[in-house]
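Enquirer: Chains as they are written, first to last, in the working numbering: chain A, 1 to 209; chain B, 1001 to 1209.
2 protein chains.
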Amino acid sequence: MTTTEQAEPAPRRRRGRPGHDQSAILRAAVELFNRRGYDATSMGDLAKELGLTKPAIYHHVTSKEQLLGQALDDALDELTTVVTEATRRPPGVSAYQRLREVVRRSVEVLVAHQPSVTLLLRVRGNSEIELAALERRRWLDDRLADLVADAVAEGALRDDVPPALVSRLLFGMVNSLVEWYRPGGAYDQAMVADAITSIAFDGLARHEP
Amino acid sequence: MTTTEQAEPAPRRRRGRPGHDQSAILRAAVELFNRRGYDATSMGDLAKELGLTKPAIYHHVTSKEQLLGQALDDALDELTTVVTEATRRPPGVSAYQRLREVVRRSVEVLVAHQPSVTLLLRVRGNSEIELAALERRRWLDDRLADLVADAVAEGALRDDVPPALVSRLLFGMVNSLVEWYRPGGAYDQAMVADAITSIAFDGLARHEP
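1. Which whole-angstrom value is the C-beta distance of ARG1124/B and ARG158/A, which I expect to be below 8 Å?
2. I need the DSSP call for LEU204/A, collapsed to helix, strand or coil.
3. For ARG104/A, which residues of its own chain have a beta-carbon under 7 Å away from its beta-carbon, when the five flanking residues on both sides are left out?
4. Looking only at DSSP bridge pairs, what is LEU157/A linked to?
5. Taking the alpha helix (DSSP H) that ILE1196/B belongs to, which residues open and close that run?
6. Does any residue of chain B have a CB that is nearer than 9 Å to the CB of ASP150/A?
7. Would you please state the rounded distance, in angstroms, between the beta carbons of LEU147/A and THR87/A? I believe it to be under 8 Å.
8. Have a look at PHE33/A and LEU76/A and give me their C-alpha separation to the nearest angstrom.
9. Who are the neighbours of ARG206/A on chain B, taking C-beta pairs under 7 Å?
10. Which residue wins for smallest C-alpha separation from ARG1035/B, given the options SER1023/B, GLU1049/B, GLN1022/B, PRO1183/B?
11. Hey, how far is the Cα of GLY1037/B from the Cα of ASP1074/B?
12. Would you identify the three-state DSSP class for ALA1029/B, choosing helix, strand or coil?
13. Got a sec: is the Cβ-Cβ distance from GLY37/A to anything in chain B below 9 Å?
14. Let's test the definition: count the other Cβ atoms within 10 Å of the Cβ of PRO9/A and tell me whether it reaches 16, buried, or not, exposed.
15. Return the chain-ordered list of same chain residues with a C-beta closer than 8 Å to the C-beta of LEU1119/B, the five sequence neighbours on each side being excluded.
16. Quick one, which of PRO1091/B, ARG1122/B, ARG1143/B, LEU1110/B has its alpha-carbon nearest ASP1188/B's?
17. Below 8 Å on C-beta distance, what does TYR1187/B contact in chain A?
18. So is LEU169/A in contact with chain B if we call contact Cβ pairs under 9 Å?
19. Just the Cα atoms here: how many angstroms apart are ARG136/A and VAL117/A?
20. Between VAL1174/B and ALA195/A, is the Cβ-Cβ spacing less than 9 Å?
21. DSSP state of VAL109/A, grouped into three classes?
22. Using 9 Å as the threshold, is the C-beta distance between PHE171/A and LEU1204/B below it?
23. For VAL152/A, which three-state DSSP category applies?
24. Mapping the DSSP letters down to three states, classify VAL1103/B as helix, strand or coil.
25. Please give the ranges of any alpha helix (DSSP H) in the region 1021-1077 of chain B, keeping only runs that are unbroken, at least 4 residues long and fully inside the region.
26. I need the straight-line Cα distance from ASP1141/B to SER1176/B, nearest angstrom please.
27. What does TRP180/A touch in chain B if you count any residue whose Cβ is under 7 Å from its own?
28. Flag this pair as yes or no: are the beta carbons of VAL83/A and LEU144/A separated by less than 9 Å?
29. Determine the DSSP secondary structure at GLY1184/B, reduced to helix, strand or coil.
30. Contact criterion: CB-CB distance below 9 Å. Does ALA200/A meet it with respect to chain B?
31. List, in chain order, every chain A residue whose beta-carbon is nearer than 7 Å to that of LEU1144/B.
32. What number of angstroms, rounded off, separates the C-alpha of GLN66/A from the C-alpha of ASN126/A?
33. Can you find a C-beta in chain A that's less than 9 Å from the C-beta of ALA1071/B?
34. Between PRO1115/B and the rest of its own chain, which residues show a CB-CB distance below 8 Å, the 5 nearest in sequence each way excluded?
35. In angstroms, rounded to a whole number, what distance separates the CA positions of GLU78/A and THR41/A?
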């Protein structure tokens, strides 16, 4: 992952947006991968789920790996945009403000792309596609740790926890919401984003006035 | 290594504590379930991994489900002990102190039982055993939310985030460590427990003196 790739997120979509049928197949595939596990899901299972024949599926997609790659790219492209924008902001905006903003926007991405982010967070590196996704995740993790380090350096954040550990725990809390968040449930997206930023930056303990 | 010789003491111990061979099989099974996914792993895969024949495995364990159940019980029994002790403490100990303590002890359990807790956190409810494990997890989540509510009621915690949401996010942060924690890595268990309690209770922002 290099800065050259940061610069041109758009060309990655060179194969064009998936058509309507392809989108429906992708959605069903991701749902099935999350429910049963990617390795345990066959194209036959997917065909059955959609009430299609296997040849009908293969008319739209070339392989199970292609579906996995598209889903992981969906999640990673969104997260990369959020992180790249946060690290590129004009110097007038503090690292602390950019970090709070990246937390808030990550919550938005997780809620809007919950199925593909869930799949991404479960990737273990069992194939080339999964290893490439892990590489992109690592790049994002490093940028986030840099941003935390910048916020510590400017004096806005406590300096007694290593920035890389702060970053892991902070985004560990953010990412945990894919496991339980339900759109239309008890908490809306803004409430969750507020709760995470309040807890992480200001703490749960009530400060004496 | 011949399986016949290893096998001798096992049958008498089948219902009690796992014997030595059974423990080794369980450890390998959990590692394989976490790496490939439970549904994608067969008893044949497990036998291959251990360099045993399938009949040799079945001499020690009755089914893949039995191995799953044992691993989930291992994680759940430990977590239940921690949570039950935290909720039963003498009234002299504040809910706030008990909550901080349960966070710290949960980190200990996650580090000491990382493979089985990892498996537990990935359970989706695809079988009776998984549904029973989810039921036990829900019970733990409810106790933790009650403890957070008690700490809010005693005035120690902020009251602008619903206790159930605090509990999800707090233990979401704790649980996230199974994804990246490596024993002997950059951070030891005490450092991670300190970092989580500092971030969650006191916040990342540096408070003005």
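Glycine included, C-beta positions come from ideal geometry on N, C-alpha and C. Predicted model, so just to flag it, every value in this text is computed and none were measured.
Expert: Answer, in terms of the structure:
1. With 8 Å as the limit, ARG1124/B and ARG158/A do not qualify as a contact, their Cβ atoms being about 37 Å apart.
2. coil
3. ALA193, THR197
4. ALA1205/B
5. 1189-1197
6. no
7. 6 Å
8. 17 Å
9. GLY1155, ALA1156, LEU1157, ARG1158
10. GLU1049/B
11. 18 Å
12. helix
13. yes
14. In this prediction, PRO9/A scores a pLDDT of 41, lower than 50, which makes its location untrustworthy; the coordinate-derived value is nonetheless stated afterwards. Classification for PRO9/A: exposed.
15. VAL1030, PHE1033, ASN1034, TYR1038, LEU1068, ALA1071, LEU1072, ALA1075
16. LEU1110/B
17. PRO162, LEU165
18. yes
19. 13 Å
20. no
21. helix
22. no
23. helix
24. helix
25. 1043-1050, 1054-1060
26. 15 Å
27. ARG1168
28. yes
29. coil
30. yes
31. Result: empty, since nearest Cβ-Cβ is about 13 Å, beyond 7 Å.
32. 15 Å
33. no
34. ARG1027, VAL1030, GLU1031, ASN1034, ALA1071
35. 25 Å
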